[in-house]
């Protein structure tokens with residue numbers, strides 16, 4: 010069979026504005042909003058007025074270096090490499 014027309018069944022439940030269910034729903038929604046703000050405020054991370062963090066690295070100089078230069082020579086395009094170091098095992 011071919012369906013010609015389909016309608017959804019819609020039911021609406023009405024309650025007075027100041028019923029117990031309405032007041033309960035408003036109180037629950039307000040408590041959820043207020044409790045989430047209180048948790049965020051007392052956890053200390055939401056309203057940070059001022060914060061700073063500094064770190065000084067530990068740097069030591071060993072008076073040693075290694076330099077390696079690679080390239081191609083002029084028109085011959087022959088590869089070359091220059092190496093210089095202050096470390097005795099490399100020189």
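In our numbering, the protein residues as written are 10 to 100. Cβ coordinates follow ideal geometry from the N, Cα and C atoms, glycine included.
1) Does the stretch 67-78 come close enough to the stretch 86-96 that 3 or more CB-CB pairs lie under 8 Å?
2) Given residue 2, which residues of its chain have a CB within under 7 Å of its CB, disregarding the five upstream and five downstream residues?
3) Skipping 5 residues on each side, what residues in its chain have a beta carbon closer than 6 Å to that of residue 30?
4) Within the continuous alpha helix (DSSP H) that includes residue 94, where are the two ends?
5) Quick one: what does DSSP say residue 69 is sitting in, helix, strand or coil?
6) Determine whether the beta carbon atoms of residue 92 and residue 82 lie at a separation below 8 Å.
7) Who does residue 31 pair with in a DSSP beta bridge?
By the coordinates alone:
1) yes
2) Not covered by the structure: residue 2. The range shown for the chain is 10 to 100.
3) Locating residue 30 in the chain shown gives position 21, counting from the first residue. Same-chain partners within the cutoff: 24.
4) Against the chain shown, residue 94 aligns to sequence position 85. Unbroken run through residue 94 is the beta strand (DSSP E), 87-94; no alpha helix (DSSP H).
5) The residue labelled residue 69 in the question sits at position 60 within the chain shown. Correct three-state label for residue 69: coil.
6) On the chain shown, residue 92 is found 83 positions in, with the first residue counted as 1. On the chain shown, residue 82 is found 73 positions in, with the first residue counted as 1. Not in contact: residue 92 and residue 82 (Cβ atoms no closer than 8 Å).
7) The count along the chain shown starts at 1 and reaches residue 31 at position 22. Answer is none; residue 31 lacks a bridge partner.
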